[in-house]
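The numbering of the sequence shown is the working numbering, which starts it at 380 and goes up by one. We treat Cβ as the ideally placed atom computed from N, Cα and C, and that holds for glycine. It should be emphasised that the depicted structure is a prediction, and the values quoted were computed from it without experimental measurement. Input: a single structure, listed below in structure tokens.
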Amino acid sequence: MLLCLTGSIYLFKPQVDHWIDWRYDHLAGGATHSTPVQEVRAALNAVPDSHFLAYELPETTSSAARVIVDRQGTAIRVYVDPTSCVVLKQVPEEDRFERIIFKLHGQLLLGNTGSIIMEMVASWTIVLIATGLYLWWPRHIHGLKGILYPRITHKGRIWWRDLHAVTGMWISLFLALFLISGLPWSFVWGHALSRVETQISRMTTVPDWEIGAVSERNLVAGRQVSPPKVDTMPGMDMESMTMSDSSLSDGLNRVVLAASQLKFPAPVLVTPPSTGETTWHIRSDTQNRPERISALVELSGHLKSIQRFKDKGLMDRIIGYGVAAHEGQLFGRVNQLLNFLVASGLLIMSVSALILWFRRRPPGQLGAPLAVPNKKIGAGALAVLVLLGVLLPELGASLLLLWLATLPSQIIRRS
380 MLLCLTGSIY LFKPQVDHWI DWRYDHLAGG ATHSTPVQEV RAALNAVPDS HFLAYELPET
440 TSSAARVIVD RQGTAIRVYV DPTSCVVLKQ VPEEDRFERI IFKLHGQLLL GNTGSIIMEM
500 VASWTIVLIA TGLYLWWPRH IHGLKGILYP RITHKGRIWW RDLHAVTGMW ISLFLALFLI
560 SGLPWSFVWG HALSRVETQI SRMTTVPDWE IGAVSERNLV AGRQVSPPKV DTMPGMDMES
620 MTMSDSSLSD GLNRVVLAAS QLKFPAPVLV TPPSTGETTW HIRSDTQNRP ERISALVELS
680 GHLKSIQRFK DKGLMDRIIG YGVAAHEGQL FGRVNQLLNF LVASGLLIMS VSALILWFRR
740 RPPGQLGAPL AVPNKKIGAG ALAVLVLLGV LLPELGASLL LLWLATLPSQ IIRRS
């Protein structure tokens, strides 16, 4: 139920973010307009002991400048009035509403521990889909009632059973795709996939999705950020870059101008060079991964290179499509509506399953209803379960633990 509710909210992240920031995107314009460097300086002055992380291009001329700074490992978003350079708002990236929803959805706000728990939930949900379809599969067809649509004239357990089974049948394929496309985010499966891709030299770029818990600072920077070492510009450390105050100021303005001319899909982030580099990074951070583009720009504003989605490896592109579809951003509002319907269907299934269990549980106990022996389920089902256990490590580990936990009782029963 938590996955359904948080996922449904996160589906509409662009709309929610725009609604929250509406007042900062409809500012009264002035005769003069500040430069990016002036806006960055205003943000750094507003957050003591901070360092520049990224500059987000304003989407309209009436939008506040967004400057993301790093203070002791915490990424803070600062809204600056482009006319007066007055700081309007500052908020840690981790405290933004949709960011909290994202972490609740994928990590239960528990970091990697929560990611592991949610990965196990997703793995077992895939098993529930497979076994649920087996139970739904019609053996003796007498019409389509209870198969393709529920028997609404019935009451009690039959009505709840049909609501659960028929809803599950219609959304099972989409739900399975949801779960599979969400696995690259998880801590265990995601890192395993990354290692496999690295071994076979297919991971040509840094993944643009999160694997487990990733700090907001690294997400904004697009890389692992190390603590700054040398202050080359007062209040504007650029990770040991050795250039003068004036050249850096002019460079930032030129890079931002170049970024605005590239017309990348919003939001567009401009980040300073990594340690030992001299090129700035410009990237689109749109949720629709196939539309993401990144570029390297020299301090002079000259475009050095550009990378599009089609330039990525095959596996990167497949995962990118899956992640975008999972977030409801691959094909616009239709994608959002489809995902919302699937999430609503899963919520209906969860509620109906809870009611069915409560009605069928042993009186006065919290255990499961007695299973009906079925000798037809044999080697085939076991092979499928073993295969799923291999492909989904946490499922395999939990199955092994369950088998070991029940082994003593089985031995006692046989003896």
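- Look at the stretch 407-471 and you find these whole runs of alpha helix (DSSP H), each 4 residues long or longer: 415-425.
- By alpha-carbon distance to L682, the top candidate from D695, F719, Q640 is Q640.
- For E589, the closest alpha carbon among the candidates I685, R633, F481 is that of F481.
- For T650, the enclosing beta strand (DSSP E) covers residues 647-650.
- Under DSSP, A674 takes part in a beta bridge, and its partners are I661, I685.
- In chain order, S441 place their CB closer than 7 Å to the CB of H405, counting only its own chain and leaving out the 5 sequence neighbours on each side.
- In this structure, the CA atom of G768 is about 42 Å from the CA atom of L432.
- Checking the DSSP bridge columns, you'll see Y528 partnered with K524.
- The three-state reading of DSSP puts M497 in helix, counting H, G and I together.
- Counting every other CB atom within 10 Å of its CB across the protein chains shown gives T439 a total below 16, marking it as exposed.
- Counting the other Cβ atoms within 10 Å of the Cβ of L733 gives fewer than 16, which makes it exposed.
- As the crow flies, the alpha-carbon of Y528 is around 12 Å from that of W539.
- Boundaries of the alpha helix (DSSP H) harbouring P393: 392-399, taken from the DSSP string.
- Restricting attention to R671, T654, E656, the CA atom closest to the CA of P644 is found in R671.
- When only Cα atoms are considered, S673 and L512 end up about 43 Å apart.
- In the three-state reduction of the DSSP assignment, S639 falls in the helix class, which pools H, G and I.
- For K482, the uninterrupted alpha helix (DSSP H) segment begins and ends at 476-486.
- Contact between the stretch 722-729 and the stretch 685-705 is absent, with fewer than three C-beta pairs closer than 8 Å.
- Between V419 and Y434, the C-beta spacing is below 8 Å.
- In the DSSP assignment, P644 falls outside any alpha helix (DSSP H), carrying neither H nor E.
- Taking 8 Å as the upper bound for CB-CB distance, A444 and P461 are in contact here, some 5 Å apart.
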